[in-house]
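Asks:
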Amino acid sequence: MIHAKQISNLNADVFGNGDDGAATIGVEDATKNLKLTDAELDNVTAGTIIIGDSANTGGITIGTDAALTQGAKNFSFITGGSIAMGANGFTTTGNVTMTADADSNGTGSITTGAGTVAANLLTTSSAQGTALNTNITT
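Here the sequence shown stands for residues 643 to 780, where the numbers follow my numbering.
#1: Between which two residues does the alpha helix (DSSP H) containing alanine 681 stretch?
#2: Could you tell me which of Ala729, Gln770, Asp743, Leu774 sits nearest to alanine 756, measuring between CA atoms?
#3: Just to confirm, is the Cβ distance from glycine 723 to glycine 750 under 9 angstroms?
#4: In chain order, what residues of the same chain lie with their CB nearer than 7 angstroms to the CB of aspartate 684, ignoring the 5 residues before and after it?
#5: Run the CB neighbour count on threonine 673, radius 10 Å, all protein chains shown included, and call it buried at 16 or more, exposed below.
#6: Can you tell me whether leucine 710 is helix, strand or coil according to DSSP?
#7: Which of the three DSSP states is assigned to leucine 764 in this structure?
#8: Hey, out of Ala709, Thr733, Ala726, Asp707, whose CA is closest to phenylalanine 717's CA?
#9: Are the region 742-749 and the region 706-713 touching by the rule of at least three beta carbon pairs closer than 8 angstroms?
#10: Kindly indicate which three-state DSSP category serine 718 falls into: helix, strand or coil?
#11: Kindly indicate the opening and closing residues of the beta strand (DSSP E) around glycine 731.
#12: Please determine, among Ala760, Gly694, Thr721, the residue with the shortest C-alpha to C-alpha distance to valine 738.
#13: Could you give the first and the last residue of the continuous beta strand (DSSP E) run that contains glycine 663?
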């Protein structure tokens with residue numbers, strides 16, 4: 643588990659992933675193995691906040707318990723599994739990248755509940771399709 647009291651790495655990237663490749667990652671989802679909240683992420687400063695990696699097969703859920711508002715931060719969500727957006731939104735004026743099936747085994751999708759992803763630029767990649775509610779600033 644990451645306890646983000648103050649993580650600052652202005653010119654590089656910050657990574658957060660589980661110790662176990664099958665661990666589930668929850669960004670505002672307390673039911674998962676690795677849990678990150680909006681408040682914890684408020685304390686992270688980096689070029690890009692990278693959550694997950696290609697070896698993770700447990701997947702990532704975002705915005706299940708509460709909405710996330712992250713200012714101008716850039717995020718990259720990476721998993722060998724799937725990414726699921728919950729009922730609450732994820733907002734940043736930075737860029738967001740979502741990569742499901744990063745391990746290239748053909749079994750990753752990006753899906754959504756009622757939540758919206760709002761970002762300057764949203765880039766997605768998945769093997770089994772992408773279905774998101776978006777609000778991209780142009």
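Beta carbons are placed, not taken as given, at the ideal position from N, Cα and C, and that holds for glycine. Here the structure is a predicted model, which is why all the values come from computation and not from measurement.
Replies: From the atom records:
#1: Taking the sequence shown and counting its residues from 1, the one referred to as residue 681 is at position 39. Per DSSP, alanine 681 is one residue of the alpha helix (DSSP H) stretching across 680-684.
#2: Taking the first residue of the sequence shown as 1, we reach residue 756 at position 114. The option with the nearest alpha carbon to alanine 756 is Ala729.
#3: Translated into positions along the sequence shown, residue 723 becomes position 81. Translated into positions along the sequence shown, residue 750 becomes position 108. A contact, by the Cβ cut-off of 9 angstroms.
#4: Within the sequence shown, residue 684 is the residue found at index 42, counting from 1. Only residues of its own chain outside the window of five on either side were considered, and among them none has a CB closer than 7 angstroms to the CB of aspartate 684.
#5: As a position in the sequence shown, residue 673 is number 31, starting the count at 1. Classification of threonine 673: exposed, given that the 10 Å Cβ count is below 16.
#6: Stepping through the sequence shown from its first residue, residue 710 is reached at position 68. It is a strand residue.
#7: In the sequence shown, the residue the question calls residue 764 occupies position 122. In the structure shown, leucine 764 falls within a strand segment according to DSSP collapsed to helix, strand and coil.
#8: By one-based count along the sequence shown, residue 717 stands at place 75. When only C-alpha atoms are compared, the closest one is Thr733.
#9: Flag = no, the region 742-749 and the region 706-713 do not touch.
#10: Counting from 1 along the sequence shown, the entry for residue 718 is found at position 76. Correct three-state label for serine 718: strand.
#11: Within the sequence shown, the letter at position 89 stands for residue 731. Counting along the chain, glycine 731 falls outside any beta strand (DSSP E), and DSSP gives it neither H nor E.
#12: Position 96 of the sequence shown, counting from 1, holds the residue named residue 738. Looking only at Ala760, Gly694, Thr721, the smallest Cα-Cα distance to valine 738 is reached by Ala760.
#13: By 1-based counting over the sequence shown, the position of residue 663 is 21. It is not in any beta strand (DSSP E) - glycine 663 carries neither H nor E in the DSSP assignment.
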